[in-house]
Amino acid sequence: MKKGFYRKFAVDCIRKNRKMYIPYLLTCIIMVTLFYIIQSLSTNTGLDDVYGATGIIYMLNLGTRLLVIFSAIFLFYTNNFLTKQRRHEFGIYNVLGLEKRHIAKIIFHETVIIAGGSIICGILAGILLYKLAFAGLMKLLNTAVPLGFEISADAVIHTVILFAVIHLILFLNAFRQIRFSNTIALLGSSNIGEKEPKSKWLLAVIGVISLVLGYGISIRMTNPLGAFSLFFLAVLLVIIGTYCLFTAGSIIWLKSMRKKKSFYYRADHFISISGMIYRMKQNAASLASICILSTMVIVAISTTLSMYSGCDNILKAMYPREVNTSVTYNSDNYSDRYFTSTRTILQDIIDQEQISVSDTFYITYLGLGALQEQDSFLTNSRSQVSFNDLCVLDFITLDDYNRITGEQQTLDKNEILLYQESDAGYPYDTLKIMDRTYKVKQQLDHFPDTDVLASNNAAVETYYIVTDSQNTLLDLYYKNREIYGENASDLDFYYGFDLQDDSKAQQIADKFNQAFQAEKQAFLAEHKTAQDTDNSDLFARLTIRDQQRGSFYSLYGGMFFIGIFLSMIFLIATILIIYYKQISEGLEDARRFEIMQKVGLTKAEIKKSIRSQVLMVFFLPLVMAGIHSAFAFPIISRMLRVLAMTNVTSFIFCLIGTFAIFAVIYIIIYMITAKSYYKIVSK
1 MKKGFYRKFA VDCIRKNRKM YIPYLLTCII MVTLFYIIQS LSTNTGLDDV YGATGIIYML
61 NLGTRLLVIF SAIFLFYTNN FLTKQRRHEF GIYNVLGLEK RHIAKIIFHE TVIIAGGSII
121 CGILAGILLY KLAFAGLMKL LNTAVPLGFE ISADAVIHTV ILFAVIHLIL FLNAFRQIRF
181 SNTIALLGSS NIGEKEPKSK WLLAVIGVIS LVLGYGISIR MTNPLGAFSL FFLAVLLVII
241 GTYCLFTAGS IIWLKSMRKK KSFYYRADHF ISISGMIYRM KQNAASLASI CILSTMVIVA
301 ISTTLSMYSG CDNILKAMYP REVNTSVTYN SDNYSDRYFT STRTILQDII DQEQISVSDT
361 FYITYLGLGA LQEQDSFLTN SRSQVSFNDL CVLDFITLDD YNRITGEQQT LDKNEILLYQ
421 ESDAGYPYDT LKIMDRTYKV KQQLDHFPDT DVLASNNAAV ETYYIVTDSQ NTLLDLYYKN
481 REIYGENASD LDFYYGFDLQ DDSKAQQIAD KFNQAFQAEK QAFLAEHKTA QDTDNSDLFA
541 RLTIRDQQRG SFYSLYGGMF FIGIFLSMIF LIATILIIYY KQISEGLEDA RRFEIMQKVG
601 LTKAEIKKSI RSQVLMVFFL PLVMAGIHSA FAFPIISRML RVLAMTNVTS FIFCLIGTFA
661 IFAVIYIIIY MITAKSYYKI VSK
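What follows is the structure in structure tokens.
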């Protein structure tokens with residue numbers, strides 16, 4: 001062979017098969033570009049100066065790993081398709097005298113050309129688009145974009161190594177397929193027909209059961225913590241159900257359509273249905289993949305978008321006031337002085353510095369985790385945990401309740417007022433906890449400032465309980481310590497307020513920390529001999545809400561950014577599968593439609609048949625993706641509660657909006673690919 005023969009032959013093969021290779025090359029370039037960008041962002045030293053840098057770098061590193069996995073999977077799928085479509089071509093080369101090692105060299109040079117071209121073009125595109133992506137990320141993080149431009153050498157090296165390895169694996173896989181196929185098999189691969197698949201009722205039943213179970217988990221799992229534990233099981237069941245129903249259910253449905261003579265014996269329906277029945281096994285896998293990928297795009301974008309757009313609301317839920325002081329006490333001997341002095345310190349600072357404050361709120365409370373069994377709440381550490389029964393009980397005193405609400409409620413000993421956060425209602429007259437029984441005097445319609453008490457309880461059912469006195473509250477506190485020891489719940493004191501001038505917040509924090517440490521040392525010195533009290537028993541934290549904003553935007557902005565990146569990959573994969581499916585079907589149908597034209601079928605009838613087939617098949621994944629997304633809503637909305645995202649309406653709008661935009665993109669893809677299909681079959 002002359003020098004350069006294989007390279008020239010490979011270039012000629014790529015040019016002749018450009019309809020299949022151009023989308024593949026573009027996909028490789030896009031994957032390289034995305035990986036370079038996210039790898040450069042994760043190693044950008046400029047992020048070190050961003051508030052909450054640790055969180056965003058963690059999200060970028062996670063996104064990098066996911067990008068590697070999905071890139072390898074999608075490129076493997078695409079390369080497999082290309083190899084399968086060219087098996088007949090390789091068989092002809094074999095007949096003309098080229099040995100398999102020669103064919104392997106051609107494939108190797110094709111791989112080198114595609115890999116080299118995509119890596120170079122992808123990195124160049126990544127370098128050009130990197131600054132735009134970085135600016136977008138800074139915008140999501142609510143941070144100014146720093147000046148300057150840099151090219152990450154590490155990102156370039158990692159990108160080259162990763163995609164060189166991926167393409168090497170793709171070459172070895174393609175060579176394996178050729179190496180272990182004989183010439184007859186290669187030549188006959190394009191003419192092998194599909195036997196009519198049987199109606200697999202068992203597989204269809206498995207699909208229905210899997211979907212029902214997956215949907216059922218989403219609907220019935222009311223506890224957010226339980227939702228996290230069962231989410232991936234539900235996803236797995238839905239994926240299994242989707243593939244089973246597309247594989248078996250679609251065939252059963254098509255055969256039922258064939259039995260309807262008025263529908264089937266029409267030129268457009270007859271051609272499309274008869275063709276799909278014979279190839280549905282292969283089509284079903286592609287359609288199911290399109291459905292799953294479409295669902296991933298819709299869910300990923302809508303979830304991260306709703307979290308990012310609701311970032312300020314989440315921040316306010318976690319930190320109800322501009323200045324939030326939380327004091328915890330964990331000792332066997334309670335002293336009211338500790339909480340009182342904290343309030344006094346803050347009030348003295350406000351008075352001395354003449355700071356204008358508003359919406360002041362303070363309260364003492366005890367939060368207990370428990371497992372609910374009717375009117376009994378079990379706190380025994382040996383109790384079996386069931387997420388659906390897990391709840392939190394927040395206890396406050398009657399004096400605090402009356403002071404905050406301005407009401408004049410009264411309670412006898414062991415009587416309580418109860419408010420349940422959910423609308424389920426508490427159907428019992430008593431409440432039993434830790435061998436204590438309390439009579440529910442009244443169930444309240446509202447409760448003051450539940451955000452203060454429930455900022456960390458959004459994940460579980462929460463009960464707010466008003467006790468008759470501080471003695472009852474302390475009795476529960478000591479009983480809980482008796483059961484759990486060092487792991488017992490703390491007695492908490494909250495003091496918060498808003499500022500007319502937010503710039504004074506840090507000044508208050510500095511003075512409070514200094515005064516609190518002095519008070520703490522004095523308190524410890526006085527109680528050193530009276531009780532076993534150390535630094536771990538006394539803890540106070542003053543949090544300024546505005547200072548937490550950066551870390552919130554880093555977390556949720558980073559998640560939204562990664563969601564966009566992953567959705568782009570899923571969308572590209574969806575487009576690619578649809579395109580190659582249309583091309584492969586067009587190639588398979590070309591001869592059949594040529595025969596139909598010879599026996600009198602017009603081009604208009606061919607086009608009508610194509611439209612009928614595409615409408616029946618290609619929009620089924622979109623419809624199913626919408627159904628999957630709708631059933632995913634309950635479990636995802638409960639999972640978001642763990643992250644204090646309780647605005648369900650916002651999530652609904654994001655989900656509907658994302659689906660609508662995706663549907664438009666999907667329709668555009670359909671219109672473009674349908675034209676490609678028609679061009680092939682009408683030649």
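All residue numbers for the sequence shown refer to full-length UniProt numbering, where the first residue is 1 and numbers rise by one.
Beta carbons are placed, not taken as given, at the ideal position from N, Cα and C, and that holds for glycine.
Since we're looking at a predicted model, the values are computed, not measured.
Practice prompt. Just grab the DSSP bridge partners of N324 for me.
Written response: G496 and T543
Practice prompt. Could you round the C-beta distance between T159 and F35 to whole angstroms and report it? I think they count as a contact, below 8 angstroms.
Written response: 6 angstroms
Worksheet entry | Sub-8 angstroms separation of Y556 and L622 beta-carbons | no
Worksheet item: Where does F377 fall in DSSP's three states?
Response: strand
Discussion item. Judging by CA-CA distance, which residue of L368, D351, A515 and R403 is the nearest neighbour of L390?
Written reply: L368
Discussion item. What would DSSP say about T340, mapped onto helix, strand or coil?
Written reply: helix
Worksheet item: Around the Cβ of V205, are there at least 16 other Cβ atoms within 10 angstroms (buried) or fewer (exposed)?
Response: exposed
Practice prompt. State whether the segment 477 to 493 contacts the segment 502 to 517, with contact taken as three or more CB pairs (one from each stretch) at a distance under 8 angstroms.
Written response: no
Practice prompt. Give me the Cα-Cα distance between S356 and R321, rounded to the nearest whole angstrom.
Written response: 14 angstroms
Fill in: Pairwise C-alpha distance: E421 and F339
27 angstroms
Discussion item. With DSSP as the reference, identify every bridge partner of Q372, one or two as the case may be.
Written reply: F377
Worksheet item: How is N17 classed by DSSP in three states: helix, strand or coil?
Response: coil
Discussion item. For R101, list the residues DSSP reports as bridge partners.
Written reply: R101 is not bridged to any residue.
Worksheet entry | S326 to M568 span [Cα, whole Å] | 43 angstroms
Worksheet item: Tell me which same chain residues have a C-beta within less than 6 angstroms of the C-beta of C244, skipping the five on either side of it?
Response: L203, I206 and G207
Discussion item. Is the beta carbon of V68 closer than 8 angstroms to that of L162?
Written reply: yes
Worksheet entry | Which of helix, strand or coil DSSP assigns to I627 | helix
Worksheet item: From M20, C311 and G91, pick the residue whose C-alpha is nearest to that of Q548; which is it?
Response: C311
Discussion item. Which residues does DSSP list as the beta-bridge partners of R86?
Written reply: The partner list for R86 (beta bridge, DSSP) is empty, contrary to what the question assumes.
Fill in: the segment 21 to 33 / the segment 106 to 121 touching (three or more Cβ pairs under 8 angstroms)
yes
Worksheet item: For F493 versus T360, is the C-beta spacing smaller than 8 angstroms?
Response: no
Worksheet item: Helix, strand or coil: which one does DSSP assign to V440?
Response: strand
Worksheet item: For D348 and chain D, any beta-carbon pair shorter than 8 angstroms?
Response: Among the chains of the structure shown, chain D does not appear; only one protein chain is present.
Fill in: Residue(s) in a DSSP beta bridge with residue 684
Since the displayed the chain opens at 1 and closes at 683, residue 684 lies outside it and no answer follows.
Worksheet item: According to DSSP, which residues form a beta bridge with K432?
Response: S376 and T437
Practice prompt. Measure the C-alpha to C-alpha separation of I273 and L254 and round it to an integer number of angstroms.
Written response: 7 angstroms
Worksheet item: How many angstroms separate the CA atom of D400 from the CA atom of N313?
Response: 27 angstroms
Practice prompt. Assign T529 to one of three DSSP states: helix, strand, or coil.
Written response: Because T529 sits at a pLDDT of 44, beneath the cut-off of 50, its placement in the model cannot be relied upon, and the following sentence gives the value as read from the coordinates. Three-state result, T529: coil.
Discussion item. By the three-class DSSP mapping on this structure, what secondary structure does D460 have?
Written reply: According to the sequence displayed, residue 460 carries Val and not Asp. In the structure shown, V460 sits in coil (DSSP, three-state: anything other than H, G, I, E or B).
Fill in: Simplified DSSP assignment, three categories, for residue 696
This structure does not reach residue 696, given that the chain is present from 1 up to 683, and the question cannot be answered.
Worksheet item: Should E110 be labelled buried (16 or more other beta-carbon atoms within 10 Å of its own) or exposed?
Response: buried
Worksheet item: What are the boundary residues of the beta strand (DSSP E) that includes L393?
Response: L390 to T397
Discussion item. Just list the residues that DSSP pairs T467 with in beta bridges.
Written reply: T397
Worksheet entry | C-alpha distance - Y77 paired with E486, whole-angstrom precision | 55 angstroms
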